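K.L.:
Numbering that gives the first Met the number 0 puts the sequence shown at residues 0 to 345. Positions of the beta carbon are idealized from the N, C-alpha and C atoms, including for glycine. Here the structure is a predicted model, which is why all the values come from computation and not from measurement.
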Amino acid sequence: MNKLLKTIPFSLLTLTSLAGCGSSKPTIFIFTAHEDNRIQLYNKELKSKFTDYNIQIVSKTTGSLMSELQAKGTRTECDIFVGIEITNAEILLSGNSNLFADLSDYDTSHYVDEVLEYQKDVTLNDGTIHKGHKKYHIQDKEAGCIVYSKSMLGDNVPTSYEDLLSLPSDSIIMPSPKSSGTGYYFYNGYASVYGKDAALDYFRALDNNVKEWSSSGSGPVKGVDRKSVSVGLGMHFQAVEYANKNSDIGITYFSEGSPYTLYTMGMINGKEKRPEVKEVYNYFFDYVNYLDNSKIVPETIYKSEYALPAEVENWKSPSDYGVDYVQMKNLLDPKYKNELLDAWNI
0 MNKLLKTIPF SLLTLTSLAG CGSSKPTIFI FTAHEDNRIQ LYNKELKSKF TDYNIQIVSK
60 TTGSLMSELQ AKGTRTECDI FVGIEITNAE ILLSGNSNLF ADLSDYDTSH YVDEVLEYQK
120 DVTLNDGTIH KGHKKYHIQD KEAGCIVYSK SMLGDNVPTS YEDLLSLPSD SIIMPSPKSS
180 GTGYYFYNGY ASVYGKDAAL DYFRALDNNV KEWSSSGSGP VKGVDRKSVS VGLGMHFQAV
240 EYANKNSDIG ITYFSEGSPY TLYTMGMING KEKRPEVKEV YNYFFDYVNY LDNSKIVPET
300 IYKSEYALPA EVENWKSPSD YGVDYVQMKN LLDPKYKNEL LDAWNI
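1) Within 10 angstroms of its Cβ, does Asn329 collect 16 or more other Cβ (buried), or is it exposed?
2) Pick from Gly153, Asn208, Gly265: whose alpha carbon is nearest that of Asp104?
3) For the alpha helix (DSSP H) holding Ile250, just list the boundary residues, first then last.
4) Can you grab the Cα-Cα spacing for the pair Lys134 / Val114, in whole Å?
5) State buried or exposed for Pro308, treating a residue as buried only when at least 16 other CB atoms are found within 10 Å of its CB.
6) Would you check if there are 3 or more beta carbon pairs closer than 8 Å linking the stretch 291-305 to the stretch 36-52?
7) Would DSSP call Leu232 helix, strand or coil?
8) Whole angstroms is fine: what's the gap from Val325's alpha carbon to Gly249's?
9) According to DSSP, what are the bridge partners of Pro174?
10) Is it buried or exposed, Pro333, if we count other Cβ atoms within 10 angstroms and call 16 or more buried?
11) What is the residue span of the beta strand (DSSP E) that Gly321 lies within?
12) Let me know the secondary structure DSSP gives Ala197 once reduced to three states.
13) Shortest alpha-carbon distance to Lys177 belongs to which of Ser213, Gly143, Tyr189, Pro157?
14) DSSP three-state label for Ile295, please.
15) Does the beta-carbon of Leu331 have 16 or more other beta-carbons within 10 angstroms, so that it is buried, or is it exposed?
16) Contact between the stretch 86-101 and the stretch 307-322 is defined here as three or more beta-carbon pairs at a separation below 8 Å; is this criterion met?
17) Rounded to whole angstroms, what's the CA-CA distance from Lys226 to Met151? Just pull it up for me.
18) Could you please give the first and the last residue of the uninterrupted beta strand (DSSP E) stretch that includes Leu45?
19) Could you check where the beta strand (DSSP E) with Pro142 kicks off and where it finishes?
20) Please specify which runs of the alpha helix (DSSP H), each continuous and at least 4 residues long, are wholly inside the stretch 236-280, giving them in chain order.
21) Since Thr299 and Glu84 are thought to touch, with beta carbons under 8 Å apart, how far apart are those beta carbons, to the nearest angstrom?
22) Compare the C-alpha of Lys315 against each of Thr107, Gly269, Ser257 and name the closest.
23) What residue from Asn87, Gln55, Gly62 has the CA that sits closest to Cys77's CA?
24) Say whether the stretch 156-164 touches the stretch 122-136, bearing in mind that this needs 3 or more beta-carbon pairs closer than 8 Å, one atom from each stretch.
25) Applying the criterion that 16 or more other CB atoms from any shown protein chain within 10 Å of the CB defines a buried residue, is Ala119 buried or exposed?
26) Where do the ends of the beta strand (DSSP E) carrying Ile300 lie?
Structural data, given as structure tokens:
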């Protein structure tokens with residue numbers, strides 16, 4: 000039997016839904032800040048499986064999704080969330096500890112240990128304790144890389160963060176940490192290695208060469224693709240996707256490694272009591288998310304005996320480039336993130 004199928008409850012594979020047999024179908028709202036190609040995958044898999052349900056996948060920006068859940072709490076239309084960055088999830092829980100459904104009855108032993116730190120008691124930057132919990136699951140790991148135009152740079156491909164400071168003005172796109180999880184993990188990644196003050200000094204200096212602090216994590220790769228800039232600090236999985244279509248796109252890393260963050264999924268508290276919501280979430284957790292991690296974002300979150308092979312053409316991990324992931328600090332610390340963002344004045 001396929002290793003993946005071993006993880007899927009038999010009832011989910013054979014169940015013919017009894018809900019929605021009347022004149023109207025039960026509606027399940029899934030809120031996500033992910034990209035269109037991922038939403039297309041979710042729609043295809045969920046709507047073909049649950050023909051008796053009206054599944055509505057609602058695309059929101061990170062900011063609007065956060066605002067929705069902070070303002071409405073459990074009164075939100077959202078039943079299931081997919082793709083809330085882990086520090087943002089902790090920010091939401093710090094404001095409303097009962098916002099997310101408890102997921103203690105789910106087995107998470109198929110995850111690699113390093114992505115389960117949120118389940119443990121962890122000392123935060125100010126000495127307080129993050130109490131371990133099971134209010135969400137890890138949905139994916141998204142990591143950054145340096146993406147560049149081969150034709151625009153020629154032999155002058157940067158090999159360090161310092162090299163970026165020597166590029167001409169208007170050469171770079173980086174997402175703003177204020178509006179993008181990608182921008183924040185580059186900022187926090189540098190701070191994790193060199194400290195907050197050094198990170199602020201560096202990015203203020205880099206501002207001289209930045210054409211745009213994009214509002215979206217997709218901005219850098221798209222900017223390099225259309226040659227509006229020569230270098231982008233962008234998402235690795237997106238860079239590989241675009242490089243497979245455009246041979247002018249190059250990917251590299253610096254010695255500090257690949258900064259990253261984790262994204263989460265779960266249910267809004269109380270919504271899990273609706274059988275149809277839990278059924279859809281279980282199928283996403285047990286099957287659809289494996290496909291997403293195989294077909295679109297193959298950074299490792301699952302143990303090898305459970306994970307599907309990466310189907311992304313020319314996929315490489317940072318280790319294939321001779322570097323590791325950055326040892327990211329304070330991913331579970333909302334106060335630290337707010338301090339970093341409050342200090343950002345570029």
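P.N.:
Based on what the coordinates show:
1) Its Cβ being crowded by 16 or more others within 10 Å, Asn329 is buried.
2) Nearest option by C-alpha distance: Gly265.
3) First-last for Ile250: 248-251, but that is the beta strand (DSSP E), not the alpha helix (DSSP H).
4) Approximately 14 Å between the Cα atoms of the pair.
5) Exposed, because fewer than 16 other Cβ atoms sit within 10 Å of the Cβ of Pro308.
6) Contact between the stretch 291-305 and the stretch 36-52 is established, with three or more Cβ pairs separated by less than 8 Å.
7) In the structure shown, Leu232 falls within a strand segment according to DSSP collapsed to helix, strand and coil.
8) If you take the alpha carbons of Val325 and Gly249, they lie about 21 Å apart.
9) Note: Pro174 sits in a beta bridge opposite Ser213.
10) So Pro333 counts as buried.
11) Run containing Gly321: none; DSSP gives neither H nor E here.
12) Looking at Ala197 - three-state DSSP - the assignment turns out to be helix.
13) Distances from the alpha-carbon of Lys177 to those of Ser213, Gly143, Tyr189, Pro157 put Ser213 closest.
14) If DSSP states are grouped into helix, strand and coil, Ile295 belongs with coil.
15) In summary, Leu331 is buried, with 16 or more beta-carbon neighbours lying within 10 Å of its beta-carbon over all protein chains present.
16) Contact annotation: the stretch 86-101 does not touch the stretch 307-322, with fewer than three C-beta pairs closer than 8 Å.
17) So the two alpha carbons sit approximately 8 Å from each other.
18) DSSP places Leu45 outside any beta strand (DSSP E); the residue lies instead in the alpha helix (DSSP H), whose first and last residues are 35-48.
19) Here residue 142 is Ala; the residue named in the question, Pro, does not match the sequence. First-last of the beta strand (DSSP E) with Ala142: 136-148.
20) Note on the stretch 236-280: there is no whole alpha helix (DSSP H) run with a minimum of 4 residues.
21) That pair is no contact at about 18 Å.
22) Distances from the alpha-carbon of Lys315 to those of Thr107, Gly269, Ser257 put Ser257 closest.
23) Minimum Cα distance to Cys77 is reached at Gln55.
24) Flag = no, the stretch 156-164 and the stretch 122-136 do not touch.
25) Reading the sequence as shown, one finds Lys at residue 119 and not Ala. Flag for Lys119 reads exposed.
26) Here Ile300 belongs to no beta strand (DSSP E), and DSSP marks it neither H nor E.
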